[in-house]
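Participant:
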Amino acid sequence: MLKGIHFLLTYTCNYTCEHCFLYCSPNSRGTFTLKQIREVLGEAKKIGSVDWIYFEGGEPFLYYPIMIEGIRLAKKEGFKVGIVTNSYWATSI
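For the record, in the sequence shown the residue sitting at position 39 is 38 according to numbering that gives the first Met the number 0, with numbers rising by one throughout.
(1) Considering Leu-8, what are the terminal residues of the beta strand (DSSP E) in which it resides?
(2) From Val-103 to Tyr-87, what does the alpha carbon distance come to, in whole angstroms?
(3) Can you tell which of Phe-60, Ala-89 and Glu-17 has its C-alpha closest to the C-alpha of Phe-6?
(4) Among Cys-16, Asn-85, Met-66 and Lys-74, which residue has its Cα nearest to the Cα of Phe-31?
(5) Please state the DSSP three-state secondary structure of Phe-31.
(6) Kindly indicate the opening and closing residues of the beta strand (DSSP E) around Gly-56.
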């Protein structure tokens, strides 16, 4: 049963990690649009078993406005939300 969907919000990342299986880097391009996010959320709602929506990348915080709006839309639809980040900007736990 499908419980979560991971949005690869962008391939762009501020790092170039050797272990990255998505080959994300500062030079990588490609970003989800809000229209695409709305469409996927609608389809996820139809599935009925999806509880979680995760935003990740690349580094999703590089596209903060899109990420925040995607989170707002997901929460409005009743989904729980997670963010997968490299935590580059974290200053405390």
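C-beta: ideal position from N, C-alpha, C; glycine also.
Facilitator: On the basis of the supplied data:
(1) Locating residue 8 in the sequence shown gives position 9, counting from the first residue. Note, Leu-8: beta strand (DSSP E), 3-9.
(2) It is not possible to answer for residue 103, since the shown part of the chain is limited to 0 through 92.
(3) Taking the sequence shown and counting its residues from 1, the one referred to as residue 6 is at position 7. Checked all of Phe-60, Ala-89 and Glu-17; the closest Cα to Phe-6 is Phe-60.
(4) Position 32 of the sequence shown, counted from the first residue, corresponds to residue 31. The candidate whose alpha carbon is nearest that of Phe-31 is Met-66.
(5) Within the sequence shown, numbered from 1, the residue matching residue 31 stands at position 32. Of the three classes helix, strand and coil, the one that applies to Phe-31 here is coil, per DSSP.
(6) On the sequence shown, position 57 is the one that residue 56 refers to. Counting along the chain, the beta strand (DSSP E) containing Gly-56 begins and ends at 51-56.
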